[in-house]
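This report refers to the structure that appears directly beneath it.
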Ligand code: PLP
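In full-length UniProt numbering, the protein residues as written are 15 to 641.
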């Protein structure tokens, strides 16, 4: 556990059991209820579902919804805060229907609502946000049709708040509201001076893409008043960025937002809600620090800063405590899903060796390299050994291009070089001083484990913004891992790799894994993929969506679980159709080609039928490697 930091990023959901397998505890307050990943893998195999597979733990999702809402309720009660909490889940973080349905159901006792940021999302939340008294918050840029839809939702009994992101939207909402003849609930998003820290800090500050400046907010309020709609302005919104790593940014934002809210009251606009946006971070790398993939606070600390911070300003300014709204997405969904994939191969720089025995007339560079290998134990200066070996290797490579060294000699030089590097690595283990050039030796010599998945489909943020996602073997934790490796995916893209991991307390570019063996498949889990990763991936190389299994646990039987739903991933046909191909006409074309070969006597008729079926089966099959 300490090696992979599971208890740190696992948030109580993930751990190791006595058998040395990773297990999930869907409700951390009942830690005897554990599901073993080895059993999940077995069940997936029994169901004939091909890997890689997304596994969704619906109980984790429900637990996260309950935790967030109950923490707000607890701290509001402790602080004797006079407002309520009415959270919303921003569907963009994971729009999968099953996820949204589960969140709505789990959130119903807390009047937990939904947030939409586009027309398609609005159409979704109109149908799915069925909880009485729950808010529907509408962010993002809007056109007239959007306003009509929003007001339709209001007429259907939904509590819709239209958040104005840019000033001109105000004219649209006034126009549409007057046409229909109803009073909308309007919010304004403030452009904040405080900036979040981390990858999304651009969401705050003067250059923020969304929101109104202070002068625009005042003008907006006055414009609404002049239209007899001053009372419609009910919510102040701000969002200073996702994955806020430093609690100070949260405190500063609450303070700034609370002051704007209070001033609006003083100006005669008694807003009811303050919406603090998203930003509640996830400790992906388990360091509980301000690193971009972590956060230096707990959920309790975050909520306490929001509630007490708002209360303090409101009491000083003598204005009522507003109903607090938050739009946490990452914190609700990140833990509930993971990707299980198998390792399908190992790539090593020194994997192939040739015999390095001396032959008469061999090139001097081969002799030099062999002598270096023979004498290196008597040489004290490690740097010198490294320099000599590197120089011979480079010279041999140049000489090969000039046809002075032949291919067999080059192979000998290469074999000897990696043998020397391996011995140097062993020699430097535990050394106090390691010369700069030799510091990457561990990495240079490490294996690359080839994983049956696509980074671009399943872990987009690791590639796009260097996000760390925890990745660990799912079994064999009673054995010491002996292979340091980085991970590569099966796309034909050199960027398709994972080479940033938390190992112990360090961030490393290799991770210890177990040696592969023929008897047993080796499965990895890529964790915390439920927020953004699940829905932002693309089809690079035409690797499509993954097979999904949705797992529930039995309340009464701690050791048991069941796959409630299987959602088949994309078939090759599916992805080809998205790219405008016509798979059935492709199948016909290939059949025609096969028939032609049959007619010409190059393929036997029986084999022709089999080959046609084979092509068609591949078309309807999974896009990933078959084992
Ligand atoms: N609300 C708004 C307006 C956002 O832009 C975002 C994401 O950046 C969120 C909520 C969700 O943020 P998070 O996933 O950090 O909770």
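We put the beta carbon where it would ideally sit given N, CA and C, even for glycine.
This one's a predicted model, so the numbers in the text were calculated from it and none came from an experiment.
In angstroms with no decimal places, state the Cα-to-Cα distance between residue 42 and residue 71. In the chain shown, counting from the first residue as 1, residue 42 sits at position 28. In the chain shown, counting from the first residue as 1, residue 71 sits at position 57. Approximately 13 Å between the Cα atoms of the pair.
Rounded to the nearest angstrom, how far is the Cβ of residue 356 from that of residue 641, given a contact under 8 Å? Residue numbering aside, residue 356 sits at position 342 when the chain shown is read from its first letter. Residue numbering aside, residue 641 sits at position 627 when the chain shown is read from its first letter. About 6 Å; that satisfies the 8 Å criterion.
Is any heavy atom of the ligand PLP found at a distance shorter than 8 Å from the C-beta of residue 389? The residue given as residue 389 occupies position 375 in the chain shown. No - the ligand PLP has no heavy atom lying nearer than 8 Å to the Cβ of residue 389.
Does DSSP classify residue 79 as helix, strand or coil? As a first step, residue 79 is located in the chain shown; it is residue number 65 there, counting from the start. Residue state, collapsed to three classes: helix.
With a 10 Å radius around its C-beta and 16 neighbouring C-beta atoms as the bar for buried, classify residue 136 as buried or exposed. The residue you call residue 136 lines up with position 122 of the chain shown. Buried is the call here.
C-beta atoms of residue 342 and residue 82 nearer than 9 Å: One-based indexing of the chain shown puts residue 342 at position 328. One-based indexing of the chain shown puts residue 82 at position 68. It is a contact, given that the beta carbons lie within the stated cut-off.
Rounded to whole angstroms, what's the CA-CA distance from residue 428 to residue 461? Just pull it up for me. Counting from 1 along the chain shown, the entry for residue 428 is found at position 414. Counting from 1 along the chain shown, the entry for residue 461 is found at position 447. Going by the C-alpha atoms only, they are around 17 Å apart.
Examine the ligand PLP and report whether any of its heavy atoms sits within less than 8 Å of the Cβ of residue 93. Here residue 93 corresponds to residue number 79 of the chain shown, with the count starting at 1. At a cut-off of 8 Å, the beta-carbon of residue 93 does not count as near the ligand PLP: no heavy atom of the ligand is closer than that.
What are the partner residues of residue 462, as DSSP defines its beta bridges? Residue mapping note: residue 462 aligns to position 448 of the chain shown, counting from 1. Answer is 361 and 500.
Integer Cβ distance of residue 316 from residue 307, believed to fall under 8 Å: Numbered from its first residue, the chain shown carries residue 316 at position 302. Numbered from its first residue, the chain shown carries residue 307 at position 293. A Cβ-Cβ distance of about 17 Å is found for the pair residue 316 and residue 307, leaving them out of contact under the 8 Å criterion.
C-alpha gap between residue 158 and residue 592, whole angstroms: In the chain shown, counting from the first residue as 1, residue 158 sits at position 144. In the chain shown, counting from the first residue as 1, residue 592 sits at position 578. Computed Cα separation, rounded: 30 Å.
Return the first residue and the last residue of the beta strand (DSSP E) that residue 575 is part of. Mapped onto the chain shown, residue 575 falls at position 561. 575-581 is the extent of the beta strand (DSSP E) around residue 575.
Backbone secondary structure at residue 191 - three-state DSSP: Against the chain shown, residue 191 aligns to sequence position 177. If DSSP states are grouped into helix, strand and coil, residue 191 belongs with the helices.
Pick out whichever of 229, 301, 604 and 55 has its Cα sitting closest to the Cα of residue 534. One-based indexing of the chain shown puts residue 534 at position 520. Taking only the C-alpha atoms, the option nearest residue 534 is 55.
Taking the alpha-carbon positions, what's the residue 24 to residue 327 distance? Position 10 of the chain shown, counted from the start, is the residue given in the question as residue 24. Position 313 of the chain shown, counted from the start, is the residue given in the question as residue 327. Distance between the alpha carbons of residue 24 and residue 327 is about 35 Å.
From residue 261 to residue 207, what distance separates their C-alpha atoms? Mapped onto the chain shown, residue 261 falls at position 247. Mapped onto the chain shown, residue 207 falls at position 193. If you take the alpha carbons of residue 261 and residue 207, they lie about 16 Å apart.
For the ligand PLP, I want to know if residue 512 counts as a neighbour, meaning its beta carbon is within less than 8 Å of at least one of the ligand's heavy atoms. Counting from one through the chain shown, the residue named residue 512 turns up at place 498. Outside the cutoff, so no.
Skipping 5 residues on each side, what residues in its chain have a beta carbon closer than 6 Å to that of residue 377? Taking the first residue of the chain shown as position 1, residue 377 is located at position 363. Contacts found: 419 and 423.
Tell me the rounded alpha-carbon separation between residue 638 and residue 436. As a working note, residue 638 is residue 624 in the chain shown. As a working note, residue 436 is residue 422 in the chain shown. Cα to Cα, the separation comes out at about 34 Å.
How is residue 356 classed by DSSP in three states: helix, strand or coil? Taking the chain shown and counting its residues from 1, one reaches residue 356 at position 342. Residue 356 falls in the strand class under three-state DSSP.
Beta carbon of residue 168 nearer than 9 Å to that of residue 196: Within the chain shown, residue 168 is the residue found at index 154, counting from 1. Within the chain shown, residue 196 is the residue found at index 182, counting from 1. Taking 9 Å as the Cβ cut-off, residue 168 and residue 196 qualify as a contacting pair.
Please find out if some non-hydrogen atom of the ligand PLP comes closer than 8 Å to the beta-carbon of residue 253. Within the chain shown, residue 253 is the residue found at index 239, counting from 1. Within the cutoff, so yes.
Quick one: using the 10 Å Cβ neighbour count with 16 as the cut-off for buried, is residue 126 buried or exposed? Locating residue 126 in the chain shown gives position 112, where the first residue counts as 1. So residue 126 ends up on the buried side.
Quick check: what's the CA-CA separation for residue 391 versus residue 408? The sequence position of residue 391 within the chain shown is 377, counting from 1. The sequence position of residue 408 within the chain shown is 394, counting from 1. In a straight line, the C-alpha of residue 391 is about 22 Å away from that of residue 408.
With distances taken Cα to Cα, identify the nearest neighbour of residue 16 among 576, 451, 202 and 495. Here residue 16 refers to the residue found at position 2 of the chain shown. Comparing Cα positions, the closest option is 495.
What I want to know is whether the C-beta of residue 209 ends up closer than 8 Å to one or more non-hydrogen atoms of the ligand PLP. For this step, residue 209 is matched to residue 195 along the chain shown. Not under cutoff, so the answer is no.
Apart from the five residues just before and just after residue 528, which ones in its own chain have a Cβ nearer than 8 Å to its Cβ? Numbered from its first residue, the chain shown carries residue 528 at position 514. Same-chain partners within the cutoff: 487, 490, 493, 495, 496, 497 and 536.
If you pair each beta-carbon of the region 599-616 with each one of the region 72-92, do three or more pairs fall below 8 Å? With the cut-off at 8 Å, the region 599-616 and the region 72-92 do not touch.
Which of helix, strand or coil DSSP assigns to residue 326: Residue numbering aside, residue 326 sits at position 312 when the chain shown is read from its first letter. In the structure shown, residue 326 sits in a helix (DSSP, three-state: H, G or I).
Find out if the Cβ-Cβ distance for the pair residue 577, residue 301 is shorter than 9 Å. Counting from 1 along the chain shown, the entry for residue 577 is found at position 563. Counting from 1 along the chain shown, the entry for residue 301 is found at position 287. For residue 577 and residue 301, no; Cβs fall outside 9 Å.
Could you tell me the alpha carbon to alpha carbon distance between residue 94 and residue 513, rounded to whole angstroms? In the chain shown, residue 94 corresponds to position 80, counting from 1. In the chain shown, residue 513 corresponds to position 499, counting from 1. The straight-line gap from Cα to Cα measures roughly 48 Å.
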